[in-house]
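Using this note's numbering, read the sequence shown as starting at 1 and increasing by one per residue.
Idealized CB from N, CA, C, for every residue including glycine.
Report on the following structure.
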Amino acid sequence: MDKPVKPLSKQLPPLILGGAGFSYQCHPDPESLPVSKVIIRAFDSGMTAIDTSPYYEPSEQLIGKALQDPEITRKYSREDYILMTKVGRIKSDIVDYSTDWVRQSVERSLTRFGTTYLDVVFCHDVEFVTEEDTLGAIGVLLNFVRDGKLRYIGISSYRIDILARLAQLTRQQFGRPLDIIQNWGQMNLQNGRLEKDGLKKFEEAGVTCVLNASPLNIGLLRNGGVPIGKLGDFHPAPQGLRKRVQDVADYIASRGENLAAVALRYALWRCQEMSHDLFRVCTITGISNISDLTENVETALKILKPREGSSRILSDVSLDLDQLRKDKPLFEEAQAIFGEWMEYGFTSPDPRWSIKLKRMMSNEAVENS
Numbered sequence: 001m002d003k004p005v006k007p008l009s010k011q012l013p014p015l016i017l018g019g020a021g022f023s024y025q026c027h028p029d030p031e032s033l034p035v036s037k038v039i040i041r042a043f044d045s046g047m048t049a050i051d052t053s054p055y056y057e058p059s060e061q062l063i064g065k066a067l068q069d070p071e072i073t074r075k076y077s078r079e080d081y082i083l084m085t086k087v088g089r090i091k092s093d094i095v096d097y098s099t100d101w102v103r104q105s106v107e108r109s110l111t112r113f114g115t116t117y118l119d120v121v122f123c124h125d126v127e128f129v130t131e132e133d134t135l136g137a138i139g140v141l142l143n144f145v146r147d148g149k150l151r152y153i154g155i156s157s158y159r160i161d162i163l164a165r166l167a168q169l170t171r172q173q174f175g176r177p178l179d180i181i182q183n184w185g186q187m188n189l190q191n192g193r194l195e196k197d198g199l200k201k202f203e204e205a206g207v208t209c210v211l212n213a214s215p216l217n218i219g220l221l222r223n224g225g226v227p228i229g230k231l232g233d234f235h236p237a238p239q240g241l242r243k244r245v246q247d248v249a250d251y252i253a254s255r256g257e258n259l260a261a262v263a264l265r266y267a268l269w270r271c272q273e274m275s276h277d278l279f280r281v282c283t284i285t286g287i288s289n290i291s292d293l294t295e296n297v298e299t300a301l302k303i304l305k306p307r308e309g310s311s312r313i314l315s316d317v318s319l320d321l322d323q324l325r326k327d328k329p330l331f332e333e334a335q336a337i338f339g340e341w342m343e344y345g346f347t348s349p350d351p352r353w354s355i356k357l358k359r360m361m362s363n364e365a366v367e368n369s
């Protein structure tokens with residue numbers, strides 16, 4: 001019922017353009033960014049999929065404006081790329097999964113992107129609401145699928161346990177699986193819990209595609225500290241982990257490499273390793289400018305190589321085993337340096353957050369609940 005004929009896993013490239021790079025969370029002045037130039041260069045490289053959210057303000061508006069740029073429309077039709085966005089998360093402390101808001105949010109995204117359909121809509125950060133809220137939103141999204149305004153539906157969260165349970169509940173309630181799941185910060189050089197605890201459960205629930213967002217753990221896995229946007233330092237990593245990341249960065253620099261590149265190669269390797277004909281794991285990387293894009297593409301092409309006869313650089317690739325042999329000692333030593341910080345995860349949502357009331361509670365209220 002309402003199941004698309006062609007799995008999304010057969011369409012997505014291994015590296016996806018993350019629209020969070022065009023947000024106030026990640027940049028102090030996103031309106032100044034060369035968004036259209038980044039997008040056309042990404043498409044030319046084979047990164048023909050974009051993931052964003054209304055929460056990444058003003059990413060949707062900037063991407064929508066860029067996609068109307070004649071430089072892009074002359075070269076690429078709407079069918080040549082995949083647009084993914086989300087519903088439900090509005091601000092850090094505001095979520096709305098009501099039927100009216102989900103409908104309004106999807107229609108607004110269609111307008112912002114200047115398109116008649118969206119390829120994917122995720123229920124965003126489902127750990128912030130009840131299971132009933134999420135299943136209700138999925139029902140609304142299925143109506144958009146029936147109307148031809150949406151092709152695939154998914155859910156996103158930091159919480160792997162909640163994603164797995166909702167994937168099963170969706171299949172039970174609607175008689176069809178989710179098309180896609182997105183998880184962030186847990187399939188990277190420092191944290192591998194998505195691979196260990198999530199992928200098999202998602203596949204058993206009928207999901208054919210998983211997106212591994214934040215291969216650098218929202219900018220943590222790089223030299224020089226986390227990115228600071230207009231909203232300040234929002235990164236949840238404690239100082240002890242940040243210090244250990246710098247130790248890893250220093251070690252990798254001593255080997256003539258940089259941490260961000262090594263971490264991205266690690267994530268791409270694990271995603272490629274865990275993919276097969278019927279199940280695909282792809283990586284989302286946040287990009288703000290041409291230099292970011294160039295670095296990411298060059299890094300990807302060290303560990304991924306085009307298959308013979310492939311016409312696009314990143315759309316049809318295999319692992320470069322020679323590079324992998326060189327990288328494995330770096331990966332192993334970096335993880336040894338992380339030590340007790342390996343697999344360290346964040347708390348989501350904050351313990352004071354009430355999924356029923358959908359707001360933060362006082363410490364006193366939490367203690368009495």
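Kindly indicate which three-state DSSP category residue i falls into: helix, strand or coil?
| i | result |
| --- | --- |
| phenylalanine 234 | coil |
| alanine 205 | coil |
| tyrosine 81 | coil |
| aspartate 2 | Only weak support is given to the placement of aspartate 2: the predicted model assigns it a pLDDT of 49, under 50, and the question is left unresolved by the model. |
| aspartate 125 | coil |
| tyrosine 251 | helix |
| aspartate 410 | Here the chain comprises residues numbered 1 to 369, so residue 410 is not present and cannot be evaluated. |
| cysteine 26 | coil |
| asparagine 212 | strand |
| aspartate 44 | helix |
| phenylalanine 69 | What sits at residue 69 in the sequence shown is aspartate, not phenylalanine. Reduced to three states, the DSSP call for aspartate 69 is coil. |
| arginine 176 | coil |
| arginine 151 | strand |
| leucine 118 | strand |
| phenylalanine 346 | coil |
| glycine 192 | coil |
| asparagine 258 | coil |
| proline 329 | helix |
| glutamate 57 | coil |
| lysine 75 | coil |
| leucine 12 | coil |
| isoleucine 218 | coil |
| glycine 339 | helix |
| arginine 103 | helix |
| glycine 240 | helix |
| asparagine 223 | coil |
| leucine 33 | coil |
| arginine 312 | coil |
If residue i and residue j are in contact, beta carbons under 8 Å, what's the gap, nearest whole angstrom?
| i | j | result |
| --- | --- | --- |
| glycine 136 | proline 177 | Actually they are not in contact, since the Cβ atoms of glycine 136 and proline 177 sit about 18 Å apart, beyond 8 Å. |
| serine 109 | leucine 118 | 6 Å |
| threonine 163 | glycine 114 | Sequence inspection shows leucine at residue 163; the threonine mentioned does not correspond to that position. The pair is not a contact, with the Cβ atoms about 31 Å apart (cut-off 8 Å). |
| aspartate 316 | lysine 305 | Incorrect: roughly 10 Å between the Cβ atoms, too far for contact. |
| asparagine 191 | glutamate 57 | That belief does not hold up - the Cβ atoms of asparagine 191 and glutamate 57 are roughly 27 Å apart, past 8 Å. |
| glycine 259 | valine 248 | It should be pointed out that residue 259 corresponds to leucine in this sequence rather than to glycine. Sure, about 6 Å apart at Cβ, within 8 Å. |
| glutamate 204 | phenylalanine 279 | Contact doesn't hold; Cβ gap of about 11 Å is too wide. |
| methionine 274 | glutamate 195 | 6 Å |
Do residue i and residue j have their C-beta atoms within less than 9 Å of each other?
| i | j | result |
| --- | --- | --- |
| isoleucine 218 | leucine 330 | no |
| glutamate 60 | threonine 48 | no |
| lysine 37 | isoleucine 290 | yes |
| glycine 148 | threonine 116 | yes |
| tyrosine 158 | glutamine 186 | yes |
| phenylalanine 43 | lysine 75 | yes |
| cysteine 26 | lysine 86 | no |
| leucine 211 | asparagine 183 | yes |
| leucine 141 | valine 102 | yes |
| valine 95 | aspartate 69 | no |
| tryptophan 341 | arginine 244 | yes |
| leucine 8 | threonine 208 | yes |
| glycine 21 | aspartate 292 | yes |
| alanine 237 | phenylalanine 338 | no |
| glutamine 323 | lysine 302 | yes |
| leucine 15 | leucine 268 | yes |
| leucine 150 | valine 121 | yes |
| leucine 12 | isoleucine 50 | no |
| threonine 299 | arginine 41 | no |
From the DSSP output, which residues share a beta bridge with residue i?
| i | result |
| --- | --- |
| serine 157 | Asn183 |
| alanine 49 | Ile82 |
| lysine 305 | Ser318 |
| lysine 91 | Ile94 |
| tryptophan 353 | Met360 |
| threonine 285 | Leu17 |
| phenylalanine 279 | His276 |
Does the beta-carbon of residue i, which I'm using as the reference point, lie nearer than 8 Å to any heavy atom of the ligand FMN?
| i | result |
| --- | --- |
| leucine 17 | Although the ligand FMN was asked about, the structure shown includes no ligands whatsoever. |
For a cutoff of 9 Å on Cβ pairs, would you count residue i as touching chain B?
| i | result |
| --- | --- |
| arginine 244 | Note that chain B does not occur in the displayed structure, where there is just one protein chain. |
Exercise for the section: Tell me, please, whether the segment 343 to 355 touches the segment 262 to 275 by the rule of three or more beta-carbon pairs shorter than 8 Å. Expected result: No: the two stretches stay apart, fewer than three of their Cβ pairs being nearer than 8 Å.
Problem - Segment contact flag, the segment 275 to 286 with the segment 320 to 336, C-beta cutoff 8 Å, min 3 pairs - result: Contact between the segment 275 to 286 and the segment 320 to 336 is not established, with fewer than three Cβ pairs separated by less than 8 Å.
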